[in-house]
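Chains A and B supply the protein sequences, listed in that same order.
Under our numbering, the first residue of the first sequence carries the number 63, and numbering increases by one thereafter.
Under our numbering, the first residue of the second sequence carries the number 63, and numbering increases by one thereafter.
Positions of the beta carbon are idealized from the N, C-alpha and C atoms, including for glycine.
2 protein chains.
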Amino acid sequence: MKANRRDVVMGMGAGFAAAYSLGSAGKLSAAQPRRKLGYAIVGLGSYATNQIMPRIGGCEHAKLTALVSGTPEKLARYGAEYGIPSTHHYNYANFDSIRDNPDIDIVYVVLPNSMHAEYTIRAAQAGKHVMCEKPMAISSAECEAMIAACRKAGTRLMIGYRSQFEPHNLYAMALAQRGDLGPTQIITSEHGFYAQPNQWRLERPLSGGGSLMDIGIYSLQAARYLAGEEPTEVMAMETTDRSDPRFATVEDRIDFQLRFPSGVMASCVSSYSSNHNNYRFHGRDGFLRAEPATSYDGHQFWVHRDGETREVVLPPPPKNQFAAQLDHLPEAIFAGVEPRASGEEGLRDMRIIEAIYQSAREGRAIRLAGS
Amino acid sequence: MKANRRDVVMGMGAGFAAAYSLGSAGKLSAAQPRRKLGYAIVGLGSYATNQIMPRIGGCEHAKLTALVSGTPEKLARYGAEYGIPSTHHYNYANFDSIRDNPDIDIVYVVLPNSMHAEYTIRAAQAGKHVMCEKPMAISSAECEAMIAACRKAGTRLMIGYRSQFEPHNLYAMALAQRGDLGPTQIITSEHGFYAQPNQWRLERPLSGGGSLMDIGIYSLQAARYLAGEEPTEVMAMETTDRSDPRFATVEDRIDFQLRFPSGVMASCVSSYSSNHNNYRFHGRDGFLRAEPATSYDGHQFWVHRDGETREVVLPPPPKNQFAAQLDHLPEAIFAGVEPRASGEEGLRDMRIIEAIYQSAREGRAIRLAGS
């Protein structure tokens, strides 16, 4: 099992190119306008300011045009840094007046989970399209209300599932769907990190839950996009040290199994007490291993087949996962189609998350509605 | 996550040496006799003839003295190959006359699972010590009867858990117990292979079950010896394509979760349709990854900590896992102690296997008796 660096993509043939570039769905046609749509960022926390805002400059179809925060100092600081005039600064009290600002096309909700539904719905009511961070909300009922509000307003809703725009992950999805390693039998997916105390994600009223809502959702997403189908049954087990002050209101570790209609099974890990960022899928003829699998950068993927391990080495992507995600919603808006990673996609995850919690609580398998 | 080959053992300090050499339990003291004990091999199939018999020559305390088979050609062939005279050849009809052969000290049962109990009990009744392949039997009731028979006869019983004698696995156990990566939070363990059709392991009357009895037991063993404690609860999900002629009577894939008293959780895979041989344990401060983890040879183990991955490079062991296992039972007999991997150890696995099957069948968590 010696690692042998090889450009596996080159051996995949032309079929891969389409998958790698997200196919034609939602691609802007040459005849359509190419103006950049304006994003208002709502919630100037670490993820927004360190990951999203610095990447907007690299987008084809997106620009930063407004900021929303409850902290005047943040508005002043980031307004200066990104050249956003004070006429385009908002707080949570005057947020609804974004309806009068034609420079705002899309509202990107990067608030604590419990605020996703409210600000998505208020943005839709202001006539704006919405990008909302994952988890989409803290209940499936909220997700349904968000979808309904956007539908009523005639605006698009997309969830910030950046890994669905990341080249290595797109490669893995394409390989699983092509069945080059034989039909998938088993998926494993593990995500976790050590959650430091004293932050909103450890307060249930703000987060809606613990590691599963925050990082375990990556395990769930990967299982679903590698399987390429929807699970019909879940089983889960939780373990939380309630004497640890971090876990007064949310869970620590929760492992879950998913059954898919084709017979594929996924075994998933979610943790707030240990670091994990990997997944694998196994067919009869080999497996793909990813580690780190869904990180901001530095992805490493290997394909094991015929007793040989080859690292997946991809050509540099035209844009990174953040820019690709930010550009995709404008592309979908221009094309008049639902974005990949739509509100329905977020709702599907949330319904499964609710079933995972129920399974852990009741100690039994939970069949998923509609399956 | 660049792999950086380093001798991690050298950094472990003196504490490791004891674990690596199995500690003092069961070690033969200098004052005791050093004669080699004679093994009779029962069942001359692939594992016996390709893995065990060729390794007996490298043992300190074991020699091959008798053969038991229902196939005269095999007795003739292997008798000639290993210099075993026909006076030391037995079949299943005259097996009990081994009692009259003083050259046989230990009977090694390498038969299909359903025959383990019968031949272990008959060997004990013939006054012989027993090494029995895993799974110990096809039910916990059989395991209990085997333990009782050996106790009554005053003979020792050991189960062929060779990984408990393999240096990399011993290293992993020692590292987990030392807690150098922080207390263990999550264990994952995956074992599987593509089972070819038309063999006894696919016939329930002979095997007692499918992948779990055969290869998934490695996932279970590893979870237990890495956790260093006994699970209190299991949850499992099975998926088997009953239209596949391989699976007329046994299961294909079965994934299971284990909860341990300290809060450790294990997420385990067992498959007859895909290749898996790996495990990991994650503490707060890092993780160990093994792949292949429990193979006949070629083990590769890595420790990830502080953003660095180091391969575990061990000094060549004084003897391989097969010889160490074969020598251990004579050592325990000489020392008058229970062997590591005793019948009780096999029984513990079997009780958990029964609970895993029950959980998958009933779709609910099963608490383990005595927990």
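>> If we define contact as Cβ-Cβ less than 8 Å, is Ser-336/A a contact residue for chain B?
In response: Taking the first sequence and counting its residues from 1, the one referred to as residue 336/A is at position 274. Contact of Ser-336/A with chain B is assigned, a C-beta pair being separated by under 8 Å.
> Within the 8 Å Cβ cut-off, does Glu-291/A reach chain B?
Replying inline: Position 229 of the first sequence holds residue 291/A. No, no contact with chain B.
> So His-123/B and Leu-106/B are in contact, right, with Cβ under 8 Å, and what is the actual spacing, rounded?
Replying inline: One-based indexing of the second sequence puts residue 123/B at position 61. One-based indexing of the second sequence puts residue 106/B at position 44. Contact flag wrong, Cβ pair sits at about 23 Å.
> Can you name the residues of chain A whose CB is closer than 8 Å to the CB of Tyr-256/B?
Replying inline: Taking the first residue of the second sequence as position 1, residue 256/B is located at position 194. Going along chain A in sequence order, the residues near Tyr-256/B (Cβ under 8 Å) are Arg-346.
> Is the beta carbon of Arg-218/B sitting closer than 8 Å to the one on His-191/B?
Replying inline: To locate residue 218/B, count along the second sequence from 1; it is residue 156. To locate residue 191/B, count along the second sequence from 1; it is residue 129. Yes; because the gap between Cβ atoms is below 8 Å, this pair is in contact.
> Taking the alpha carbon of Ile-168/B as the point to measure from, which residue in Pro-259/B, Ser-333/B and Thr-182/B has its own alpha carbon closest?
Replying inline: Translated into positions along the second sequence, residue 168/B becomes position 106. Among Pro-259/B, Ser-333/B and Thr-182/B, the Cα nearest to that of Ile-168/B is on Thr-182/B.
> Would you call the stretch 197 to 214 of chain B and the stretch 345 to 360 of chain B touching, i.e. three or more CB-CB distances under 8 Å?
Replying inline: Proximity of the stretch 197 to 214 of chain B to the stretch 345 to 360 of chain B falls short of the contact definition, fewer than three beta-carbon pairs being nearer than 8 Å.
> Between the beta-carbon of Pro-197/B and the beta-carbon of Ile-279/B, is there less than 8 Å?
Replying inline: Position 135 of the second sequence, counted from the start, is the residue given in the question as residue 197/B. Position 217 of the second sequence, counted from the start, is the residue given in the question as residue 279/B. Taking 8 Å as the cut-off, the beta carbon of Pro-197/B is found closer than this to the beta carbon of Ile-279/B.
>> Restricting to runs no shorter than 3 residues, where is the beta strand (DSSP E) found entirely within the stretch 223 to 267 of chain B?
In response: The qualifying runs are 246 to 254.
> If Ser-281/A sits next to Cys-330/A, beta carbons under 8 Å apart, how far is it from one beta carbon to the other, in whole angstroms?
Replying inline: Position 219 of the first sequence, counting from 1, holds the residue named residue 281/A. Position 268 of the first sequence, counting from 1, holds the residue named residue 330/A. Contact annotation, Ser-281/A with Cys-330/A: C-beta distance approximately 4 Å; criterion of less than 8 Å satisfied.
>> How far does the beta strand (DSSP E) with Glu-300/B in it extend, from its first residue to its last?
In response: Along the second sequence, one-based indexing puts residue 300/B at 238. If you look at Glu-300/B, you'll find it in the beta strand (DSSP E) that goes 295 to 301.
>> Just to make sure I have the definition right: I need the residues of chain B whose C-beta is within less than 8 Å of the C-beta of Met-299/A. Which are they?
In response: Taking the first residue of the first sequence as 1, we reach residue 299/A at position 237. Going along chain B in sequence order, the residues near Met-299/A (Cβ under 8 Å) are Glu-295, Met-297, Gln-319, Arg-321, Met-327 and Ala-427.
> Closer than 8 Å, Cβ to any Cβ of chain B: which residues of the stretch 168 to 193 of chain A, in chain order?
Replying inline: If the cut-off is 8 Å between Cβ atoms, the stretch 168 to 193 of chain A has nothing near chain B.
> Does any C-beta atom of chain A lie closer than 8 Å to the C-beta of Ile-414/B?
Replying inline: Residue 414/B sits at position 352 when you count from the first residue of the second sequence. So, not an interface residue.
> Helix, strand or coil for Thr-127/B per DSSP?
Replying inline: One-based indexing of the second sequence puts residue 127/B at position 65. If DSSP states are grouped into helix, strand and coil, Thr-127/B belongs with the strands.
>> Buried or exposed, going by whether 16 or more other CB atoms sit within 10 Å of the CB of Gly-33/A?
In response: The requested residue 33/A does not occur in the structure, where chain A is confined to residues 63 to 433.
> So what does DSSP say about Lys-89/A, is it helix, strand or coil?
Replying inline: Position 27 of the first sequence, counting from 1, holds the residue named residue 89/A. Reliability of the predicted coordinates at Lys-89/A is poor, the pLDDT of 48 falling under 50, and no value is obtained from them.
> So is Ser-86/B buried or exposed if we call it buried at 16+ other beta carbons inside 10 Å?
Replying inline: Indexing the second sequence from 1 puts residue 86/B at position 24. Per-residue confidence for Ser-86/B stands at a pLDDT of 37, beneath the threshold of 50, marking its modelled position as unreliable; the derived number appears in the next sentence. Under this definition Ser-86/B is an exposed residue.
> So is Arg-315/A in contact with chain B if we call contact Cβ pairs under 8 Å?
Replying inline: To locate residue 315/A, count along the first sequence from 1; it is residue 253. Taking Cβ atoms only, chain B reaches closer than 8 Å to Arg-315/A, which makes this a yes.
>> Considering only the alpha carbon of each residue, which of Ala-386/B, Asn-337/B, Gly-348/B and Glu-300/B lies closest to Ile-415/B?
In response: The residue given as residue 415/B occupies position 353 in the second sequence. For the options Ala-386/B, Asn-337/B, Gly-348/B and Glu-300/B, the alpha carbon positioned closest to that of Ile-415/B is the one of Glu-300/B.
> What residues from the stretch 375 to 391 of chain A come within 9 Å of chain B, judged by C-beta to C-beta, listed N to C?
Replying inline: Among the residues of the stretch 375 to 391 of chain A, none has a Cβ less than 9 Å away from any Cβ of chain B.
> Where does Thr-371/B fall in DSSP's three states?
Replying inline: Counted from its first residue, the second sequence places residue 371/B at position 309. Three-state result, Thr-371/B: strand.
> Helix, strand or coil: which one does DSSP assign to Tyr-362/B?
Replying inline: Looking up residue 362/B in the second sequence gives position 300. The question names Tyr, but residue 362/B in the sequence shown is Gln. Correct three-state label for Gln-362/B: coil.
> Which residue from Tyr-144/A, Pro-134/A and His-178/A puts its Cα closest to that of Asn-112/A?
Replying inline: Against the first sequence, residue 112/A aligns to sequence position 50. Distance from the Cα of Asn-112/A is smallest, within the candidate group Tyr-144/A, Pro-134/A and His-178/A, for Tyr-144/A.
> Going along chain A in order, which residues have a C-beta closer than 9 Å to the C-beta of Val-331/B?
Replying inline: Along the second sequence, one-based indexing puts residue 331/B at 269. Chain-order list of chain A residues neighbouring Val-331/B: Ile-248, Thr-250, Met-327, Ser-329 and His-344, by C-beta distance under 9 Å.
> For Tyr-287/B, which three-state DSSP category applies?
Replying inline: Here residue 287/B refers to the residue found at position 225 when the second sequence is read from its first residue. Reduced to three states, the DSSP call for Tyr-287/B is helix.
>> Taking the alpha carbon of Arg-117/B as the reference point, which residue from Ala-422/B, Ile-395/B, Ser-404/B and Ala-385/B has its own alpha carbon closest?
In response: Counted from its first residue, the second sequence places residue 117/B at position 55. Answer by Cα proximity: Ala-385/B.
> For Pro-307/A, which residues from the same chain have a beta carbon less than 8 Å from its beta carbon, with the 5 sequence-adjacent residues on both sides left out?
Replying inline: In the first sequence, the residue the question calls residue 307/A occupies position 245. Counting only Cβ-Cβ distances below 8 Å, and skipping sequence neighbours, we find Pro-259.
> If you count every other CB in all the chains shown that lies within 10 Å of the CB of Asp-162/B, and 16 or more means buried, which is it?
Replying inline: By 1-based counting over the second sequence, the position of residue 162/B is 100. Counting Cβ neighbours within 10 Å, Asp-162/B comes out exposed, since fewer than 16 surround it.
> Quick one: which chain B residues come within Cβ less than 8 Å of Asp-303/A?
Replying inline: Here the question's residue 303/A lines up with position 241 in the first sequence. Within 8 Å Cβ-Cβ: Gly-325.
>> Using 8 Å as the threshold, is the C-beta distance between Lys-125/B and Tyr-101/B below it?
In response: For the purposes of this step, residue 125/B is identified with residue 63 of the second sequence, where counting begins at 1. For the purposes of this step, residue 101/B is identified with residue 39 of the second sequence, where counting begins at 1. Contact: yes.
> What distance in whole Å lies between the Cβ atoms of Leu-274/B and Ser-332/B, which are believed to be in contact at a cut-off of 8 Å?
Replying inline: Residue 332/B sits at position 270 when you count from the first residue of the second sequence. Residue 274/B sits at position 212 when you count from the first residue of the second sequence. With 8 Å as the limit, Ser-332/B and Leu-274/B qualify as a contact, their Cβ atoms being about 5 Å apart.
>> Can you give me the C-alpha to C-alpha distance between Ala-422/B and Ala-352/B, rounded to a whole angstrom?
In response: By 1-based counting over the second sequence, the position of residue 422/B is 360. By 1-based counting over the second sequence, the position of residue 352/B is 290. A direct Cα-Cα distance of roughly 27 Å separates Ala-422/B from Ala-352/B.
> In this structure, what does DSSP give as the bridge partners for His-191/A?
Replying inline: Mapped onto the first sequence, residue 191/A falls at position 129. Within the DSSP secondary-structure output, His-191/A pairs in a beta bridge with Ile-168/A.
> Taking the C-alpha atoms as reference points, what is the distance between Arg-429/A and Gln-261/B?
Replying inline: Locating residue 429/A in the first sequence gives position 367, counting from the first residue. Locating residue 261/B in the second sequence gives position 199, counting from the first residue. For Arg-429/A and Gln-261/B, the distance between alpha carbons rounds to 35 Å.
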